[in-house]
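A quick write-up on the structure given underneath.
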Amino acid sequence: MPEKTRVPHPSSEKMTVSLKKNREWLDSRLKAGKSFDMIRREIRIGGREACLYFIDGFCKDELMQKLLEHFMEIQEKDMPADAAEMAEGFVPYVEVEVKAQWEEILYGILSGVSALFVDGYADCILIDSRTYPARGVEEPEKDKVLRGSKDGFVETIVFNTALIRRRIRSTDLVMEMMHAGKSSRTDIVLCYMDSRVDRAFLEKIRDRIKHIRVDALTMNQESLAECLYARKWYNPFPKFKFTERPDTAAAQVLEGNIVILVDNSPSVLILPTSVFDVVEEADDFYFPPITGTYLRLSRLLIALLTYFLTPTFLLLMQYPQWIPAGFSFILIKDGVNIPLVWQFLILELAIDGLRLAAVNTPSMLSTPLSVMAALVLGEFAVNSGWFNSEVMLYMAFVALASYTQSSYELGYALKFMRIANLILTAALGVWGYAAGLLLCSFSLLANKTISGQSYLYPLIPFDGKQLRNRFLRTRLPGSLEPAEEKTGEKRS
2 MPEKTRVPHP SSEKMTVSLK KNREWLDSRL KAGKSFDMIR REIRIGGREA
52 CLYFIDGFCK DELMQKLLEH FMEIQEKDMP ADAAEMAEGF VPYVEVEVKA
102 QWEEILYGIL SGVSALFVDG YADCILIDSR TYPARGVEEP EKDKVLRGSK
152 DGFVETIVFN TALIRRRIRS TDLVMEMMHA GKSSRTDIVL CYMDSRVDRA
202 FLEKIRDRIK HIRVDALTMN QESLAECLYA RKWYNPFPKF KFTERPDTAA
252 AQVLEGNIVI LVDNSPSVLI LPTSVFDVVE EADDFYFPPI TGTYLRLSRL
302 LIALLTYFLT PTFLLLMQYP QWIPAGFSFI LIKDGVNIPL VWQFLILELA
352 IDGLRLAAVN TPSMLSTPLS VMAALVLGEF AVNSGWFNSE VMLYMAFVAL
402 ASYTQSSYEL GYALKFMRIA NLILTAALGV WGYAAGLLLC SFSLLANKTI
452 SGQSYLYPLI PFDGKQLRNR FLRTRLPGSL EPAEEKTGEK RS
């Protein structure tokens, strides 16, 4: 079979003044005849041949109809000399650009921008009249708060940047657009305060994004995170903080951090991130200082219990003589048919199985299946002799307590460390328990943020003032001056 002839590129870099050549090349690249949603609309403007390219579904139909009516009403005597003059005085729309580079034109069309070509013009007029399918900015299911704003990020990046702009009305706020992915050309936005950000760190992140060599960011922000931090994949503790709340993202930006937004993703990345940043939540700041401090300390204590509870219980069952007389009731009184370590490991797997089942269970069946699972894995599992009731109790606490952390990554990191400690304790006794603690401590100490700082700052290196602020919810800065307080008292 003869090879398919390809329409030659009219220019290696720029478009030409010939509409026919430009149209032939665009049709071969955009496959306007094969893709039903790639629309080519030919019209006459001021006695000249013209052509519009746009993607069906990204275009505002009513706006496009009005633009076509306006273009068709332009008289030949009023026709401007070039594309720049036409874009400035004859296109009744706000977001209009003039481009001549084919790469920029193709990117604009594939992003949903309408491209207008006029015979005799050496430039293309890009009309950003696109609209993306999007859901409402409801409160995210994962990052809920008891008090505070109820809006959340969505899959449309322009909406997400607007949610941050709404909270930070400062000229110092920068939204820097970048792209990654050879095929996907995914939009990425670096959000930061120009006067507060670490310049060296910002340049480092910018350079890494520019040098990403992947075909597409198929998993959105997770793909980007793996490209930005490719080292020490075996360390499970999270290197990034993800949030779906615009108020949390805005607060981090104001603190001098960098927030990365990825198109098609309802969550953003916060950089740099230490372990103390991961455990913080919005509820800590939506309540008075004493209540926020209690919530923060409770969450930290429960996180420690999820790691220590089951390995410590297993250790005490191996050395019952270490149990104080007042706590002898924790001893297992029934017969143990299966070794305790295997009971814990089986239940760890079963809990993850229940989580996966809950994600894929239709909402109308979630309640009856939950009751069934509770009966089968609870009472019947104990009565059949597979599990002891004490093991079921402690694993139930661990399963419920893991949801006190909003970060799934941190929850699974503690889970992996807990499983390693269980196995080492069962194999080596007290020395295995100590080895498990050393493994967890080394994972935290050896971990670094993406900026290269300590993962445990301000604990290591020690900063007393910052460490106090991490544990205690103090008053926000910017309280009234004494003179203003007196004025307020007189007015009251």
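Residue numbers for the sequence shown follow the working numbering, beginning at 2 and rising by one. Idealized CB from N, CA, C, for every residue including glycine.
Close Cβ partners of residue i (< 6 Å) along its chain, the five nearest in sequence each way excluded
i, result
"Asn448", "Asn236, Phe238 and Tyr456"
"Asp264", "Ile158, Thr187 and Asp188"
"Ala33", "Met39 and Arg41"
"Met396", "Leu348"
"Asp57", "Asp38 and Ile40"
"Ile324", "Leu317"
Short Cβ contact (8 Å threshold) for residue i with residue j
i, j, result
"Gln454", "Val280", "no"
"Met194", "Asp216", "no"
"Ile261", "Val269", "yes"
"Phe345", "Val383", "no"
"Leu315", "Leu423", "yes"
"Phe59", "Gly109", "no"
"Ala116", "Tyr54", "yes"
"Tyr287", "Arg148", "yes"
"Ala181", "Leu229", "no"
"Ile165", "Ala250", "yes"
"Pro312", "Arg170", "no"
"Leu44", "Leu69", "In the sequence on display, residue 44 carries Ile and not Leu. Contact flag set, yes."
Distance, residue j Cα to residue i Cα
i, j, result
"Leu394", "Ile352", "13 Å"
"Gln222", "Glu156", "11 Å"
"Asn361", "Gln467", "42 Å"
"Leu439", "Met178", "43 Å"
"Ala88", "Met176", "25 Å"
"Phe328", "Ala421", "26 Å"
"Thr17", "Glu98", "17 Å"
"Ile339", "Phe388", "7 Å"
"Ser408", "Leu341", "29 Å"
"Arg131", "Pro93", "15 Å"
"Arg30", "Asp79", "33 Å"
"Phe443", "Ile461", "13 Å"
Best match in the options for proximity to residue i [C-alpha to C-alpha]
i, options, result
"Leu446", "Ile206, Ser275, Asn338 and Gly90", "Ser275"
"Gln102", "Met39, Met65 and Asn23", "Asn23"
"Phe309", "Phe417, Ala283, Thr292 and Phe243", "Phe417"
"Arg297", "Gly149, Arg474 and Gln222", "Arg474"
"Ile128", "Glu104, Ser150, Asp120 and Glu96", "Glu96"
"Glu104", "Ser171, Ser184 and Lys61", "Ser184"
"Ile259", "Ala326, Thr450 and Asp62", "Thr450"
"Leu203", "Pro81, Ile271 and Phe72", "Ile271"
"Arg49", "Trp432, Phe72, Arg300 and Ala231", "Phe72"
"Glu25", "Arg356, Phe118 and Asp62", "Phe118"
"Cys1", "Ser36, Ala252, Asp83 and Phe330", "Because the chain in this structure spans residues 2 to 493, residue 1 falls outside the shown range and cannot be described."
"Asp28", "Ala85, Val431 and Leu107", "Leu107"
Cβ neighbours of residue i in the same chain (closer than 8 Å, five flanking residues each side left out)
i, result
"Gly153", "Val138, Glu139, Glu140, Pro141, Asp144, Glu245, Arg246, Pro247 and Pro267"
"Glu256", "Arg197"
"Ile75", "Ile46, Gly47 and Phe91"
"Met318", "Leu332, Ile333 and Leu341"
"Ala516", "No answer is possible for residue 516: the residues shown for the chain start at 2 and end at 493."
"Ser403", "Thr307, Gly412, Leu415 and Lys416"
"Pro81", "Met87, Gly90 and Phe91"
7 Å CB neighbourhood of residue i in its chain, flanking five on each side removed
i, result
"Phe277", "Arg471"
"Ile210", "Met179, Ala181 and Ile189"
"Gly386", "Asn338"
Identified DSSP bridge partners for residue i
i, result
"Asp188", "His180"
"Phe59", "Note: Phe59 sits in no beta bridge, so no partner."
"Glu98", "Leu127"
"Thr244", "Val269"
Near the ligand ZN: residue i beta-carbon under 7 Å from a heavy atom
i, result
"Glu281", "What this structure holds is no ligand at all, so the ligand ZN is not there to describe."
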